[in-house]
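Undergrad: Sequences listed follow chains A and B, in order.
Start counting the first sequence at 1096; every next residue gets the next number (this note's numbering).
Start counting the second sequence at 1096; every next residue gets the next number (this note's numbering).
There are 2 protein chains.
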Amino acid sequence: MVDKKKDTTTEAKILDAARKVFIAKGMAGARMQDIADEAGINKAMLHYYFRSKDQLFETIFKESVGNLIPRVKALLNADLPLFTKIEMFADNYISMAMQNPYIPMFVMNEVNRQPQAFIKKMFGNDPPDLSKLVEQIEQEVKKKNIVPISPVQLVMNLMSLCVFPFLGKPILSMVIGLDELQFKNIMEQRKKAVPEFIIASIKK
Amino acid sequence: MVDKKKDTTTEAKILDAARKVFIAKGMAGARMQDIADEAGINKAMLHYYFRSKDQLFETIFKESVGNLIPRVKALLNADLPLFTKIEMFADNYISMAMQNPYIPMFVMNEVNRQPQAFIKKMFGNDPPDLSKLVEQIEQEVKKKNIVPISPVQLVMNLMSLCVFPFLGKPILSMVIGLDELQFKNIMEQRKKAVPEFIIASIKK
DNA sequence: ATTTAATTTAACCAATTGGTTAACAAAAAT
DNA sequence: ATTTTTGTTAACCAATTGGTTAAATTAAAT
Chain A
1096 MVDKKKDTTT EAKILDAARK VFIAKGMAGA RMQDIADEAG INKAMLHYYF RSKDQLFETI
1156 FKESVGNLIP RVKALLNADL PLFTKIEMFA DNYISMAMQN PYIPMFVMNE VNRQPQAFIK
1216 KMFGNDPPDL SKLVEQIEQE VKKKNIVPIS PVQLVMNLMS LCVFPFLGKP ILSMVIGLDE
1276 LQFKNIMEQR KKAVPEFIIA SIKK
Chain B
1096 MVDKKKDTTT EAKILDAARK VFIAKGMAGA RMQDIADEAG INKAMLHYYF RSKDQLFETI
1156 FKESVGNLIP RVKALLNADL PLFTKIEMFA DNYISMAMQN PYIPMFVMNE VNRQPQAFIK
1216 KMFGNDPPDL SKLVEQIEQE VKKKNIVPIS PVQLVMNLMS LCVFPFLGKP ILSMVIGLDE
1276 LQFKNIMEQR KKAVPEFIIA SIKK
């Protein structure tokens, strides 16, 4: 253990607390005092380390999405077969979301709140480029490896099948009647089930 | 025209404004003053007609979901072929969401906020019962009309494919690059495309 | 016409919220 | 050792928020 104290730093405590509160309650619902309490420190420290609520929020937000973006971008333009990309996206995304099940809702929510600001914060200068993937899909259609399908619909389907279960978890758990463990198992299955489902639908 | 003035009633103006503001900003983000301004009336009227913010919110919330619930319940237990149910669900849900594209996010969001209270508000005494649909799916599997698939996964897939595009609209519009009209067209296509996609995947 | 009830308003209130400040303590640098 | 910087706190502040009230206006009932 090189540096055991690192994650009990005041700054780290603030970030942990802020992550928890912001993700649970969103930007508008979160209170600076809640975060301070959760971190077990004085509220003034929040402003000492991060100037304002906005800035603290932005830190958490970037952190939440920041991990995923580069991986998605890499995958999009990777030189891999279409089916492999589908399999990898599902596995990657679902694995990530299982570790942080509330991030998808948190992100989706804040993107909805201010779609403008989001683009900048998230992607900075270069937004993800789907053109290569789209072309790849069109190629597969042309080669008659898959049925004719609009690339947009296919991408939408893939994202839907991977992301929605985490957004709708409370509703799904309720309607279908799942406890925490069952949900986890279903999601574990889904890493394989989603690509299989998609491929079964489009493969010729 | 029996009663032309009905929708310019103060109460109606409040409801219209509240719907707009709550759906746009969520419970925590919405301000009573915003709603009053939007309705062009004095803030005190909000409390005169609806005792509190909570109560006004609940009115809007119930109204937002209330329309859908009975239709879903009816469909679940209807005496119709599985494929027909899938087709009808997709068409019904997507049509509804196209008319009120922000409701799905609004509802999902508030369900996440307090899943407990939601059940009561939403379903009252009798929550939706999936058992008939589940049995139906199992039957189709047994009869080898469809490939072996977990009913839970299938239901999750159907909901994902219908609901997610509206939750992720800003992200999708951004990533894929869609304007309002294109999005609308894609969703219109989807009423048929989703059932086709599912059925192609599971039909034997 | 006059009383009564329903609506609407402006002014006000207490509580909460994000944020600041000045004093104080602990480390680091000298 | 002592100055200086960094970290921390309690008290405070102005603005905002949901909510109230008493007076004024309008509509309904008598």
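All C-beta atoms in this analysis are idealised placements derived from N, C-alpha and C, irrespective of residue type, glycine included.
#1: Beta-carbon of A1113 (chain B) versus every beta-carbon of chain A: anything under 7 Å?
#2: Does the region 1170-1188 of chain B come into contact with the region 1185-1196 of chain A, if we say contact requires no fewer than three beta-carbon pairs (one atom in each stretch) closer than 8 Å?
#3: Taking Cβ to Cβ, would you say M1200 (chain A) is nearer than 7 Å to N1195 (chain B)?
#4: Should K1299 (chain B) be labelled buried (16 or more other beta-carbon atoms within 10 Å of its own) or exposed?
#5: Could you give the DSSP three-state label for K1108 (chain A): helix, strand or coil?
#6: Alpha carbon to alpha carbon, how far is L1267 (chain A) from D1111 (chain A)?
#7: If you draw a straight line from the C-alpha of P1246 (chain B) to the C-alpha of V1167 (chain B), how long is it?
#8: Leaving aside the five residues before and after N1204 (chain A) along the sequence, list all residues of the same chain whose C-beta is less than 8 Å from its C-beta, in chain order.
#9: For chain A, is any of its Cβ atoms less than 7 Å away from the one on Q1248 (chain B)?
#10: Less than 7 Å separating the beta-carbons of I1297 (chain A) and V1242 (chain A)?
#11: What's the gap between the Cα of P1156 (chain A) and the Cα of I1293 (chain A)?
#12: Looking at the unbroken alpha helix (DSSP H) that takes in M1269 (chain A), where does it start and where does it end?
#13: Roughly how many angstroms lie between the CA atoms of Y1144 (chain B) and G1219 (chain B), to the nearest whole one?
#14: Buried or exposed for Q1234 (chain B), please, with buried defined as at least 16 other CB atoms from any protein chain shown within 10 angstroms of its CB.
#15: Have a look at K1148 (chain A) and N1137 (chain A) and give me their C-alpha separation to the nearest angstrom.
#16: Please check if any C-beta of chain A sits within less than 7 Å of the C-beta of F1292 (chain B).
#17: K1298 (chain B) bridges to which residues according to DSSP?
#18: Pick out whichever of B:K1227, B:V1270, B:L1276, B:N1252 has its Cα sitting closest to the Cα of L1170 (chain B).
#19: List the residues of chain B whose Cβ lies closer than 7 Å to the Cβ of N1252 (chain A), in chain order.
#20: Of all the alpha helix (DSSP H) runs that stay within the bounds of the region 1178-1244 of chain B, which reach a length of 4 or more residues?
#21: I want to see whether chain A comes within less than 7 Å of V1160 (chain B), judged by CB atoms only; does it?
#22: Give the range of the alpha helix (DSSP H) segment to which D1132 (chain A) is assigned.
#23: Quick one: give me the first and last residue of the alpha helix (DSSP H) that R1166 (chain A) is part of.
#24: What does a CB cutoff of less than 7 Å around K1115 (chain B) pick up in its chain, not counting 5 residues either side in sequence?
#25: Kindly indicate the opening and closing residues of the alpha helix (DSSP H) around S1255 (chain A).
#26: Is the CB of F1259 (chain B) under 7 Å away from at least one CB in chain A?
#27: According to the neighbour-count rule (16 or more other Cβ atoms, all chains shown, within 10 Å of its Cβ), is S1159 (chain B) buried or exposed?
#28: Between M1191 (chain B) and L1163 (chain B), which are expected to be in contact by the criterion C-beta below 8 Å, what is the C-beta distance as a whole number of angstroms?
#29: CB-CB under 6 Å to V1097 (chain B), same chain, minus the five flanking residues each way: which ones, in chain order?
#30: Given that a residue counts as buried once 16 or more other Cβ atoms are within 10 Å of its Cβ, and exposed if not, what is Q1248 (chain B)?
#31: Report the three-state DSSP secondary structure of R1146 (chain A) (helix, strand or coil).
#32: In its own chain, which residues sit with a C-beta less than 8 Å from the C-beta of K1286 (chain A), not counting the 5 before and 5 after it?
#33: Taking DSSP as the reference, what is the three-state secondary structure of L1175 (chain B)?
#34: For chain B, check one thing: does any of its Cβ atoms lie closer than 7 Å to the Cβ of K1099 (chain A)?
#35: Report the rounded CA-to-CA distance for K1279 (chain B) versus C1257 (chain B), giving the unit in angstroms.
#36: Relative to the alpha-carbon of P1265 (chain B), which residue among A:K1237, A:F1259, A:I1214 has its alpha-carbon at the smallest distance?
TA: So, from the data block:
#1: By this cut-off, A1113 (chain B) is not an interface position.
#2: With the rule of 3 Cβ pairs closer than 8 Å, the region 1170-1188 of chain B does not count as touching the region 1185-1196 of chain A.
#3: Cβ distance not < 7 Å, so M1200 (chain A) and N1195 (chain B) don't count as in contact.
#4: Here K1299 (chain B) is exposed: its Cβ has fewer than 16 other Cβ atoms, across all protein chains shown, within 10 Å.
#5: Here K1108 (chain A) sits in helix by DSSP.
#6: Near 28 Å, if we compare the C-alpha coordinates of D1111 (chain A) and L1267 (chain A).
#7: Approximately 17 Å, taken between the alpha carbons.
#8: Only G1121 meet the Cβ criterion.
#9: Chain A contact via Cβ: present.
#10: Yes, they are a contact pair.
#11: The sequence given here places Phe at residue 1156 (chain A); Pro does not occur at that position. If I take the Cα positions, the gap works out to 31 Å.
#12: Unbroken run through M1269 (chain A): none, as it is neither H nor E.
#13: Their Cα atoms are separated by approximately 24 Å.
#14: Around the Cβ of Q1234 (chain B), a 10 Å sphere holds fewer than 16 other Cβ atoms; the residue is exposed.
#15: Going by the C-alpha atoms only, they are around 15 Å apart.
#16: For F1292 (chain B), a Cβ of chain A is located within less than 7 Å of the residue's own Cβ.
#17: Partner(s): B:I1241.
#18: Considering only alpha carbons, the answer is B:K1227.
#19: In chain order: L1256, F1292.
#20: 1198-1208, 1210-1218, 1226-1237, all fully within the region 1178-1244 of chain B.
#21: Judged by the 7 Å Cβ criterion, V1160 (chain B) is not in contact with chain A.
#22: It spans 1127-1134 - the alpha helix (DSSP H) in which D1132 (chain A) sits, taken as one unbroken run.
#23: DSSP places R1166 (chain A) inside the alpha helix (DSSP H), whose first and last residues are 1163-1172.
#24: Taking K1115 (chain B) as the centre and dropping the five residues before and after it, the same chain places the C-beta of E1133 closer than 7 Å to its C-beta, in chain order.
#25: Note, S1255 (chain A): alpha helix (DSSP H), 1246-1262.
#26: Yes, its Cβ sits closer than 7 Å to a Cβ of chain A.
#27: Of the residues assessed, S1159 (chain B) falls on the buried side of the cut-off, its CB having 16 or more other CB atoms within 10 angstroms.
#28: Indeed they touch by this definition, with Cβ atoms about 6 Å apart.
#29: Residue confidence is low: V1097 (chain B) scores 34 on pLDDT, short of 50, so the model does not pin down where it sits. Its coordinate-derived value is still stated next. Excluding residues up to 5 positions away in sequence, nothing lies with its Cβ nearer than 6 Å to the Cβ of V1097 (chain B) in the same chain.
#30: Here Q1248 (chain B) is buried. Its C-beta has 16 or more other C-beta atoms within 10 Å.
#31: Secondary structure at R1146 (chain A): coil, using DSSP grouped into helix, strand and coil.
#32: Cβ within range, chain order: A1185, D1186, I1189, S1190.
#33: L1175 (chain B) falls in the coil class under three-state DSSP.
#34: For K1099 (chain A), the predicted structure reports a pLDDT of 37, less than 50, and the residue's modelled location is therefore unreliable. A value from the coordinates is still provided. So no, K1099 (chain A) is outside the interface.
#35: Their Cα atoms are separated by approximately 14 Å.
#36: In terms of Cα proximity to P1265 (chain B), the closest of A:K1237, A:F1259, A:I1214 is A:I1214.
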